[in-house]
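Shown next, in structure tokens, is the structure this report addresses.
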Amino acid sequence: MSILAYDYPVAGFFLSVFWLFIWILWFFLLFRVIIDIFRSDDLGGWGKAVWLIFVIILPFLGVFVYLIARGGKMGQRDMAQAAAQQAQFNDYVRNVAATSTSTADELTKLSQLKDQGVITEAEFASQKAKILASAPTGA
549 MSILAYDYPV AGFFLSVFWL FIWILWFFLL FRVIIDIFRS DDLGGWGKAV WLIFVIILPF
609 LGVFVYLIAR GGKMGQRDMA QAAAQQAQFN DYVRNVAATS TSTADELTKL SQLKDQGVIT
669 EAEFASQKAK ILASAPTGA
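Numbering (this note's numbering), first residue to last: 549 to 687.
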């Protein structure tokens, strides 16, 4: 064990971890650029093909040139996509919240109809049974 410690000092370990981190970061950046090339709406098919060939043939230069030339638009596309997803989620929540009524609300309305004389006691009992039967069972 002392031989391993001598041949591989702590500084060497940290340097290896650093290079591993840089290597993983590089692949993350490379895939991120390739995904952005395909996701870009302002590039045509030939533009996407040229950028992709450039990134594949000369990956370091291609990625860095892409980030310099189109890096700002990458951020704008990310923000637009996040805003669109948030708007879609908000619309879904509003739609679900507007259409769903609680069992208590339905029973209150039914009770008001009975008190106003719009429905009879028998109709109230049958509708109440339907509402309670269709109510979700919660914890």
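C-beta atoms are modelled at their ideal positions from N, C-alpha and C, and glycine is treated no differently.
Computed from a prediction, not measured in an experiment: that's the story for all the values here.
Nearest-angstrom Cβ-Cβ length linking residue i and residue j, presumed shorter than 8 Å
i, j, result
"Ile-585", "Trp-599", "5 Å"
"Val-581", "Val-611", "5 Å"
Segment limits, alpha helix (DSSP H) that includes residue i
i, result
"Thr-651", "651 to 664"
"Gly-593", "593 to 605"
"Ile-572", "558 to 587"
"Ile-679", "669 to 682"
Contacting residues, own chain, Cβ-Cβ under 8 Å from residue i (five flanking each side not counted)
i, result
"Ile-667", "Leu-658, Leu-661, Gln-675"
Nearest residue (CA-CA) to residue i, options the options
i, options, result
"Phe-602", "Leu-578, Asp-589, Ala-645", "Leu-578"
"Gly-595", "Ala-677, Phe-608, Tyr-614", "Tyr-614"
heavy atom of the ligand FAD below 7 Å from residue i C-beta
i, result
"Phe-575", "With respect to the ligand FAD, the structure offers nothing, as it holds no ligand at all."
Proximal residues to residue i (C-beta, below 7 Å), its chain only, five neighbours per side dropped
i, result
"Arg-587", "Arg-625"
Proximity below 8 Å, CB of residue i to CB of residue j
i, j, result
"Ile-679", "Thr-656", "no"
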